[in-house]
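First the structure, in the form of structure tokens, and then the observations on it.
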Amino acid sequence: MKKENIDNSMIDDKTKNLINYFLTNNFLDYANDKNPNRAYISQLYFPFYKNFKPSSTIDFSFPITVLVGKNGSGKSSILHALYGCPYGPTIEHFWFSTSVDPIEDGDGEHSHRYVYTYRQKGKDAKVLYYRASRPGTQTKKENMDYWETGKPHAEYGMDETKRFPPMRAKVTYIDFREQLSAYDKFFYFGNTNGLKKKSKQDFIRLKSEYLDNVLNSDKIYKSRSKKKNHNSSPISLTKPELRFISIILGVEYTSGKLVHHNFFRNEGDSILLTKAGFTYTEAHAGSGEFAVANLVHQIFNLKKNENNLILLDEPETSLYPGAQKRLLYFLLEMTKKLHCQIIIATHSQNFISELPNFAIKAIHFDSTEGISYITNGCSPSRVFEELDLPIPKCNVYTEDRAAALLVQAVANNENISKYFSISYEGDGATSLLKTYILSDSSGNGNNNYYILDGDMKIDKIDVENLPKVKLEDKNFINDLCNNICEKISFPSSKGKDNDSKEDIIKYKAQLKYLRYFYNHVHYLPKSTTPEQIIKDSQFLKSLIPQGCDINVSENRPIKDVYYDIVKARLLVDKPNSEQYYAVIQELIANWIRNYSESPEYYSIKDTLLEIKEFYDKSTGK
């Protein structure tokens, strides 16, 4: 297999492109699917189901949906209900009554039930399922956990004149917490009762000879009863499967085989993988390797012309963060290829942060009421708070420390500081414009934003709205850049001082710079500096020690006034930066207390909110 370089930035770009594709070509809408028999679940409705708030709904309007919540909130219960939606599978496979965990049916009208809506041939069909304990008969055995379809109920939003059949779909349900290989099942949970071998290791050594014959010679071992073989024929992983396994795990795999057998006393699967010339089974593989290979193989073998509902419970289990991100990319690729629907129960930031808000469903269990609540459409930051995860922050840079302290104070006062990492960089605005912003505009600074002092403010130009004749005028574009800051060293195909009109590399770099500048660079208000914004003449006088005469008139540079106050208060000739900024912080605190209704305050607040909104949109939050 040809070696493929696994570039994380390339995978990130492909993931975003696929999400954008689904946002504009959502084939959950019948009009975007060429298969007339395609069906998708568009809604779940819980009149009375487990401990969910009665009449809760979940809407599915994106091909991939994530269910997010703390342990015990009910994510898996939703997957179980989805599992029982299509014709054939039933929820009783997962949820059944026992003496220690009895299921209370209530009266007949309040037995556990749910309604799902599926779209097929451009129309909505609603199906009611309810739990109806079935007594035994001459032809059917007793089933206290039986679920069946019911007649339509108007109060559930159903048309009582029509009773639709369940949708037809193949359901693939994978609980990654249970993804154990044959080896792991026996080694960690198997028993040795009745074995001649004294240890599990000795038994595995014995049975591995059989497994080796199967994997390398395709041997089939028949049981004595001849009703069932001890193993299936091994399946060789295809090149496309190996490619995606390699992409997800970040390692190149050159071959692989899967086989189902009962050599280790229980039914299970074994895998044989080869990477870097080393061939090994799951005994030496990580649990993540086995789980990913199994998942990729199962999904690759689904048929495009069938309806496929894929349910994944905590697929991030045993995968490191980078592999989780690339797994999402794989799922998006297969969703596009198969036109399938995928619902994932997860805690993974890497799944949550990439998807649009309406694909994120938050499940919250209220321990006081004993009820689970479902919220359709959540921002990742809200979900991260629910899961006690750190909220991803965008970086906000100012040109000096005073500006950073001022912006931070406004963010703190508005209780939005958790969304930002605010600091100062470089050596003033020129350094930021020529070095940092130039570097970020090349594609490395999508999470970075800048707030420059107001005295640097210019009118920003959105090059996307320029007439074509001006957009293609390289001299005009060059003038726009010079208006921001002169002598920026853009990449060039010519000499350093050559302004050739044919310098396409420089022209493209300038366009990138202008686009980045328009979206990522902001200014403090009032066309002035942070020291001027926080100036309060009355408060300044209160900081001056008695007996000291300091000129605080408008004609003096404000920094000189502040330094004189520091000198007088501390009786020093040359205050250090910490002493100076201690006074700046006093002035900022006074300004926050007394001027939080001022236009300048609102301007800084609005700038931060504008940055957050753009950051959320650009990162899919």
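Take the sequence shown: its position 397, counting from 1, is numbered 1735 in the numbering used here, and each next residue is one higher.
Glycine included, C-beta positions come from ideal geometry on N, C-alpha and C.
Distance, residue j Cα to residue i Cα
i, j, result
"GLY1460", "SER1393", "25 Å"
"LYS1699", "ASN1784", "27 Å"
"LYS1500", "PRO1490", "7 Å"
"GLN1679", "PHE1360", "12 Å"
"LEU1553", "SER1414", "35 Å"
"GLU1480", "ILE1429", "17 Å"
"LYS1675", "SER1710", "35 Å"
"LYS1955", "TYR1933", "31 Å"
"LYS1536", "ASP1522", "18 Å"
"TYR1939", "SER1830", "42 Å"
"TYR1851", "PHE1582", "35 Å"
Cβ-Cβ distance between residue i and residue j below 8 Å
i, j, result
"ASN1776", "ILE1843", "Looking at the sequence provided, one finds Leu at residue 1776 rather than Asn. Not closer than 8 Å, so no."
"LEU1670", "GLU1627", "no"
"PHE1601", "TYR1548", "yes"
"ALA1749", "LEU1862", "no"
"ASN1646", "ASP1607", "no"
"GLY1407", "TYR1467", "no"
"ILE1896", "GLU1869", "yes"
"VAL1453", "PRO1385", "yes"
"HIS1972", "ARG1451", "The first residue shown for the chain is 1339 and the last is 1959, placing residue 1972 beyond what the model contains."
"TRP1485", "ARG1469", "yes"
"THR1867", "ASP1793", "yes"
"VAL1890", "LYS1879", "yes"
"PHE1814", "LYS1806", "no"
"ASN1786", "TYR1735", "yes"
Assigned secondary structure, residue i (DSSP; H/G/I helix, E/B strand, else coil)
i, result
"LEU1309", "Absent from the structure is residue 1309, since the part of the chain shown begins at 1339 and ends at 1959."
"ASN1481", "strand"
"ARG1720", "helix"
"CYS1678", "coil"
"GLU1935", "coil"
"GLN1662", "helix"
"GLN1884", "coil"
"GLY1792", "helix"
"ALA1683", "strand"
"CYS1823", "coil"
"TYR1762", "strand"
"HIS1860", "strand"
"VAL1899", "helix"
"SER1546", "helix"
"GLU1579", "helix"
"ILE1942", "helix"
"THR1773", "helix"
"LEU1657", "coil"
"LYS1641", "coil"
"ILE1648", "strand"
"SER1838", "Residue placement at SER1838 cannot be trusted, given a pLDDT of 48 that sits under 50; what the coordinates show is reported in the next sentence. Note: SER1838 maps to coil in three-state DSSP."
"ASN1893", "coil"
"TYR1511", "strand"
"TYR1359", "helix"
Cβ neighbour criterion (16 or more within 10 Å) applied to residue i
i, result
"GLU1802", "exposed"
"PRO1424", "buried"
"GLN1539", "exposed"
"CYS1886", "exposed"
"PRO1653", "buried"
"ASP1704", "exposed"
"ALA1463", "buried"
"TYR1456", "buried"
"MET1672", "buried"
"LYS1595", "buried"
"ASN1569", "buried"
"ASN1820", "exposed"
"GLU1692", "buried"
"LYS1912", "exposed"
"ASN1688", "buried"
"LYS1663", "buried"
"SER1686", "buried"
Bridge partners - residue i, DSSP secondary structure assignment
i, result
"HIS1702", "TYR1711"
"LYS1560", "ASN1567"
"GLY1422", "Beta-bridge pairing links GLY1422 to no other residue."
"LYS1464", "THR1455"
"TYR1378", "ARG1457"
"THR1403", "ILE1681"
"ARG1506", "Answer is none; ARG1506 lacks a bridge partner."
"GLU1486", "TYR1468"
"ASP1397", "GLN1381"
"PHE1386", "ARG1451"
Any C-beta of chain B under 8 Å from that of residue i
i, result
"THR1353", "Among the chains of the structure shown, chain B does not appear; only one protein chain is present."
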